[in-house]
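Engineer: Can you keep this structure in mind? I'll have questions shortly.
Protein chains: 2
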Amino acid sequence: MKDNSIGIVSPQLFTFAEDQQELVLKSGKKLGPITLAYETYGQLNENKSNAVLIVHALSGNAHAAGLSEGEEKPGWWDDMIGPGKAFDTDKYFIICSNVIGGCQGSTGPASLNPETDKPYGLEFPLITIEDMINAQKKLIDYLGIKKLLTVAGGSMGGMQALQWVASYPEMICSVIPIATALKHSPQQIAFDEVGRQAVMSDPDWLNGNYYGHGQPQKGLSVARMIGHITYMSDESMEKKFSRRLKDDNYTFSFSADFEVEGYLRYRGDSFVKRFDANSYLYITKAMDYFDLSQGKLFPENRNVDMRFLVIAFRSDWLYPAYQAKEIVQQIKMKNIDATYCEVKSTYGHDAFLLEIDEQTHLISHFLNNVYEDVEV
Amino acid sequence: MKDNSIGIVSPQLFTFAEDQQELVLKSGKKLGPITLAYETYGQLNENKSNAVLIVHALSGNAHAAGLSEGEEKPGWWDDMIGPGKAFDTDKYFIICSNVIGGCQGSTGPASLNPETDKPYGLEFPLITIEDMINAQKKLIDYLGIKKLLTVAGGSMGGMQALQWVASYPEMICSVIPIATALKHSPQQIAFDEVGRQAVMSDPDWLNGNYYGHGQPQKGLSVARMIGHITYMSDESMEKKFSRRLKDDNYTFSFSADFEVEGYLRYRGDSFVKRFDANSYLYITKAMDYFDLSQGKLFPENRNVDMRFLVIAFRSDWLYPAYQAKEIVQQIKMKNIDATYCEVKSTYGHDAFLLEIDEQTHLISHFLNNVYEDVEV
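In the order they appear, the protein sequences are chains A and B. Count along the first sequence starting at 1, add 114, and that's the number in the numbering used here. Count along the second sequence starting at 1, add 114, and that's the number in the numbering used here.
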């Protein structure tokens, strides 16, 4: 274990108490009881003023840092969270929770429907990013935190961070949306829709009632392969694979000739083992519904006193930098303080997981300033 | 019918004569007899010096212009081919043939295997762009044409045009590769591979032996949907669809909420009706194998005396302009004359089918010059 790791961590569960058992969703439907899986790292200070909420992307989970018992691979943002890291656990109390609709501890379509005692499947109501944040807010309340020092995340995590601004601006001192957008463009919707069609076209999907029969493996694998292409850049693929063959010659068959083909198949197959196909449908749909453009980022007649650090990556073509600039534009129109940085990365959208040095530099400095002002 | 249409056209078939019945493929396997479906427009002049070969893209066919009997929709490049158009049928004799491996008249995996009297299916040998051109060459020989005024095409058509340079440089006066590349990048291979996986994951694919049972509709539809996203640009999708809904509100279901979703589903469904799934596999694989980089464009010790017009489109992210520049670089290194034009289109890769005015201007001028020199 590296010196700057937070070591072994354990997931925790929070289920909404009886008196607030149900959540009224954006669709008008009710969902409950709701359990959120979450992890925390570092110590909450006496003033409860050092809490940082980390929000995850499409396939992420509550395990953002440290090592789970018996696992070798650390959490998905371990390079960013720990002693002396960007989100410094010696200073801050870090919270990360799995979104509702997910499949990694929080209530989602694979959870038991209390009305039927069977997994929800498609009985699970459609959710939005706003619903995710409304559930998260109950966790923050439960932890006794009145105001978060920051909410930070990449991709769909960035959308969640922005939704905190729109839903609970009084509860946050700052926001760090990374590689994200105020709304999905038709191209982003299109990629999500093709992924969903791949899943729903698989006869093993069984109209969502596949629990106990095994996943719609092939469809979900194809969906993930599409996703992976969009997470990388043309340049990063060239660097990683170029046209290298798996064997010396073309096979003149439909097996994987090129390394990139083998890689995609592998990534598709391994995703199927860890992610629920219905969650893929629900969460991508939530991203597609998300739209805080045209002034919807800042709710009317509410006090908005916060700082922004908006980060984009030059080679990210899934969430291009112009979308980050649209966020900045909205903020500036409100005369709110925003720092914008377009990192010269070649990693594409994956850069938010890989460009550690640059993000550490930007975030630790920004957070430090926010924290100093809060403590004064 | 518009005045500048060439009117009703009929497909023709050419089957290799007995003495040259088989084609030895790049893989070493033999294929034969081979039939090519082709169409011609305009008149071959006495010198046989006004012949233009049009080569089609992945899902294209021999019906490039005019109207087929009983059909309302003209050929796929009708705006470019006809009296007074870029490929002026008053001056030139235009030929377009369906590639081998295809499913629109030429021998492909859906054709009868003479050895079994059943459709080939996966018994059809893997083919390359070079094999396609070797078959086309026999058609040009059969038509008695010693030298083509030009070979022109977009996307995979551009690859075929470039392969003519590599295979039969003595037979061409000029080349017009459009929206194409010397080789597929790993990103291009990746998109093709995901499309193939979508097809092959469909249980109705039946390992390629689905003839008589119906197509693997869902898999092929997903493959086509992926393709369509890559053919458009972020900007053209924004213009065409933005986030417009099919109905007034979100459905909070997995039906198509957004117009872009409905459009993709429609395009996927209609493709299934006209294109053979196995042909999709074979032709995308041929594109992935294609590689004329690193000097392979010009064969050694062969006379190369031709002119190039290379066209790219600024918003084409599937075949980005840098790939067209790589073609130009190869040409310049041989001290050969090349005109390069990057058209400021927002249509993405589809621009080669849609940017008619600009291409007409470039091509008619270029072709006119080539023809004048030939006739002198």
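Cβ atoms here follow ideal geometry from the backbone N, Cα and C, with glycine treated the same way.
Please compile the residues from chain A whose C-beta is within a distance smaller than 8 Å of the C-beta of G333 of chain B.
Structural biologist: S315
Engineer: At the 7 Å Cβ level, is D348 of chain B part of the contact set with chain A, yes or no?
Structural biologist: yes
Engineer: Counting only Cβ pairs nearer than 8 Å, list the residues of chain A close to Y394 of chain B.
Structural biologist: Neighbours of Y394 of chain B on chain A: none; closest Cβ ~11 Å, over 8 Å.
Engineer: S336 of chain A touches chain B at which residues, Cβ-Cβ below 8 Å?
Structural biologist: The residue asked about is misnamed: residue 336 of chain A is Val in this sequence, not Ser. Under the 8 Å cutoff, chain B gives V308, Q311, A312, S315, V336.
Engineer: In whole angstroms, what is the alpha-carbon distance linking G184 of chain A and S119 of chain A?
Structural biologist: 15 Å
Engineer: Listed in chain order, which residues of the segment 284–308 of chain B have Cβ atoms closer than 7 Å to some Cβ of chain A?
Structural biologist: Flagged, chain order: K297, S299, P300, Q301, I303, A304, F305, E307, V308.
Engineer: Does chain A have any CB closer than 7 Å to the CB of M339 of chain B?
Structural biologist: yes
Engineer: Apart from the five residues on each side of it in sequence, which residues of its chain come closer than 8 Å, Cβ to Cβ, to K205 of chain A?
Structural biologist: G156, N164, Y485
Engineer: For L481 of chain A, which of helix, strand or coil comes out of DSSP?
Structural biologist: The answer is helix: DSSP assigns L481 of chain A an H, G or I state.
Engineer: Please list the residues of the segment 403–428 of chain B that have a C-beta atom closer than 9 Å to any C-beta atom in chain A, keeping them in chain order.
Structural biologist: Within the segment 403–428 of chain B, the residues whose Cβ lies closer than 9 Å to some Cβ of chain A are Y403, D405, S407, listed in chain order.
Engineer: Using 7 Å as the threshold, is the C-beta distance between D245 of chain A and K140 of chain A below it?
Structural biologist: yes
Engineer: Compute the distance between the beta-carbons of I247 of chain B and S281 of chain B, then report whether it is under 7 Å.
Structural biologist: Between I247 of chain B and S281 of chain B, the C-beta spacing is below 7 Å.
Engineer: For a minimum of 4 consecutive residues, which ranges assigned as the alpha helix (DSSP H) are wholly contained in the segment 305–383 of chain B?
Structural biologist: Runs of the alpha helix (DSSP H) inside the segment 305–383 of chain B: 331–345, 348–354.
Engineer: Closest to N159 of chain A by CA distance: which of A:F128, A:G216, A:K260 is it?
Structural biologist: A:K260
Engineer: Listing by chain order, which chain B residues have their CB less than 8 Å from the CB of L158 of chain A?
Structural biologist: Simply none; closest approach about 37 Å.
Engineer: Cβ of H298 of chain A within 7 Å of Cβ of D464 of chain A?
Structural biologist: No. Outside cutoff.
Engineer: What number of angstroms, rounded off, separates the C-alpha of G382 of chain A from the C-alpha of M339 of chain A?
Structural biologist: 5 Å
Engineer: Could you tell me whether the Cβ atoms of A435 of chain A and V442 of chain A are closer together than 7 Å?
Structural biologist: One thing to note: A435 of chain A has its Cβ no nearer than 7 Å to the Cβ of V442 of chain A.
Engineer: Closest Cβ-Cβ distance between M401 of chain B and chain A: below 7 Å?
Structural biologist: no
Engineer: Answer yes or no: the CB of I241 of chain B versus the heavy atoms of the ligand ATP, is any distance below 6 Å?
Structural biologist: No copy of the ligand ATP occurs in the structure displayed, which carries no ligand at all.
Engineer: For N483 of chain B, which residues in the same chain have their Cβ closer than 7 Å to its Cβ, ignoring the five residues on either side in sequence?
Structural biologist: none
Engineer: Of all Cβ atoms in chain B, is any one closer than 7 Å to the Cβ of I214 of chain A?
Structural biologist: no
Engineer: Counting along the chain, where does the alpha helix (DSSP H) carrying A391 of chain A start and finish?
Structural biologist: 391–403
Engineer: Would you call P300 of chain B buried or exposed, if buried means 16 or more other Cβ atoms sit within 10 Å of its Cβ?
Structural biologist: buried
Engineer: Once DSSP output is grouped into helix, strand and coil, what is the label at M115 of chain A?
Structural biologist: Summary for M115 of chain A: the model assigns pLDDT 45, below 50, so the residue's position carries little reliability; its value from the coordinates is reported in the next sentence. Here M115 of chain A sits in coil by DSSP.
Engineer: How far does the beta strand (DSSP E) with Y155 of chain B in it extend, from its first residue to its last?
Structural biologist: 149–155
Engineer: Output, in chain order, the set of chain A residues within a Cβ distance shorter than 7 Å of E375 of chain B.
Structural biologist: I303, E307
Engineer: Can you give me the C-alpha to C-alpha distance between I450 of chain A and Q218 of chain A, rounded to a whole angstrom?
Structural biologist: 36 Å
Engineer: Please work out which residues of its chain come closer than 6 Å, Cβ to Cβ, to G272 of chain B, disregarding the five sequence neighbours upstream and downstream, and give them in chain order.
Structural biologist: P291, I292, T294
Engineer: For R388 of chain B, does the three-state DSSP call read helix, strand or coil?
Structural biologist: helix
Engineer: With 7 Å as the threshold, decide whether the Cβ of M115 of chain B is near any Cβ in chain A.
Structural biologist: Note that M115 of chain B scores a pLDDT of 45, beneath 50, so its modelled location is shaky and nothing firm can be said.
Engineer: Would you mind working out which of A:L263, A:L296, A:L262, A:C287 sits nearest Q277 of chain A, comparing C-alpha positions?
Structural biologist: A:L296
Engineer: What residues match up with F201 of chain A in a beta bridge as DSSP calls it?
Structural biologist: DSSP output for F201 of chain A lists A:I195 as bridge partner(s).
Engineer: If you run the structure through DSSP and keep just helix, strand and coil, what is F130 of chain A?
Structural biologist: coil
Engineer: For G268 of chain A versus A171 of chain A, is the C-beta distance shorter than 7 Å?
Structural biologist: yes
Engineer: Nearest to P228 of chain B by alpha carbon, out of B:V169, B:S367, B:L378, B:T149?
Structural biologist: The shortest C-alpha separation from P228 of chain B is found at B:T149.
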